[in-house]
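First residue of the sequence shown: 1491, per my numbering; consecutive thereafter.
Even glycine gets a Cβ: it sits at the ideal position worked out from N, Cα and C.
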Amino acid sequence: NQELRKAEEQYRLSFENINDIIFTFDMDLKIISISPSVEKFVGYKADYFIGKSVSDFRSILQPKSMKQATNHIRRIMNGEVLPPMIYELIPKDDTMKIIEIDATMIKQDGKSAGIVCVSRDITERRNAEESLRDSEERFRLLAESSPTAILMYQNDKWIYANPAATEITGYTNQE
1491 NQELRKAEEQ YRLSFENIND IIFTFDMDLK IISISPSVEK FVGYKADYFI GKSVSDFRSI
1551 LQPKSMKQAT NHIRRIMNGE VLPPMIYELI PKDDTMKIIE IDATMIKQDG KSAGIVCVSR
1611 DITERRNAEE SLRDSEERFR LLAESSPTAI LMYQNDKWIY ANPAATEITG YTNQE
């Protein structure tokens, strides 16, 4: 009994202090548990979500994300194993966030008993990726339109030559 209580206490501490959001649905798609971290993430206390159905989150999930979530949940309930899914949501403070959710079926005695999900905020990562893509595009446009030859050499081979370089040298990009 003491070991069981110790294990339960360790689980409770982990659940209450994790940065990601862990939540579970029953087979009726009602939330039966959700980590307290949800409050700092979306602005609503965990109690707000308990007992609510997936369809109750139309005010938080963007319409496209709601449609995707419904489809993904149906597929998971049909036994599919899906990679992490990306959704857009609007927290209580009306700032858009991008979240990644990994979900899997809970099995109990060989039967489906619900779905467990782990969600994390990837907004900053997505914004950084977008900024990097924009920066790369600006560099590409600059390099492609430059009248000066621009060549890049790495690991004992040429990896890039802009149009001006091919025009000035007479070599093709492949050469």
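Who does Val1606 pair with in a DSSP beta bridge?
The residue labelled residue 1606 in the question sits at position 116 within the sequence shown. Beta-bridge pairing links Val1606 to Thr1514, Thr1594.
Can you grab the Cα-Cα spacing for the pair Phe1629 / Trp1648, in whole Å?
The residue you call residue 1629 lines up with position 139 of the sequence shown. The residue you call residue 1648 lines up with position 158 of the sequence shown. Phe1629 and Trp1648 have their alpha carbons spaced roughly 18 Å apart.
Alpha-carbon to alpha-carbon, Pro1581 and Pro1553
The sequence position of residue 1553 within the sequence shown is 63, counting from 1. The sequence position of residue 1581 within the sequence shown is 91, counting from 1. The C-alpha of Pro1553 lies about 14 Å from the C-alpha of Pro1581.
Identify, in the order they occur along the chain, each residue of the same chain with its Cβ nearer than 8 Å to the Cβ of Lys1597, setting aside the five sequence neighbours on each side.
Here residue 1597 is taken as the residue at index 107 of the sequence shown, counted from 1. The answer, listed in chain order, is Ala1603.
Alpha carbon to alpha carbon, what distance is there between Tyr1650 and Tyr1534?
Against the sequence shown, residue 1534 aligns to sequence position 44. Against the sequence shown, residue 1650 aligns to sequence position 160. Cα to Cα, the separation comes out at about 51 Å.
Specify the secondary structure class of Ala1559 as computed by DSSP and reduced to three states.
By one-based count along the sequence shown, residue 1559 stands at place 69. It is helical.
Alpha-carbon spacing of Gln1492 relative to Phe1547, whole angstroms
In the sequence shown, the residue the question calls residue 1492 occupies position 2. In the sequence shown, the residue the question calls residue 1547 occupies position 57. If you take the alpha carbons of Gln1492 and Phe1547, they lie about 40 Å apart.
Please classify Met1642: does DSSP put it in a helix, a strand, or coil?
As a first step, residue 1642 must be located in the sequence shown, where it is residue number 152. For Met1642, the three-state secondary structure derived from DSSP is strand.
How many Å lie between Val1606 and Ile1512 at the Cα?
As a position in the sequence shown, residue 1606 is number 116, starting the count at 1. As a position in the sequence shown, residue 1512 is number 22, starting the count at 1. Between Val1606 and Ile1512, the C-alpha separation is close to 7 Å.
In terms of residues, what are the limits of the alpha helix (DSSP H) holding Glu1499?
Position 9 of the sequence shown, counted from the first residue, corresponds to residue 1499. Membership of Glu1499 in the alpha helix (DSSP H) is indicated by the continuous run 1492-1507.
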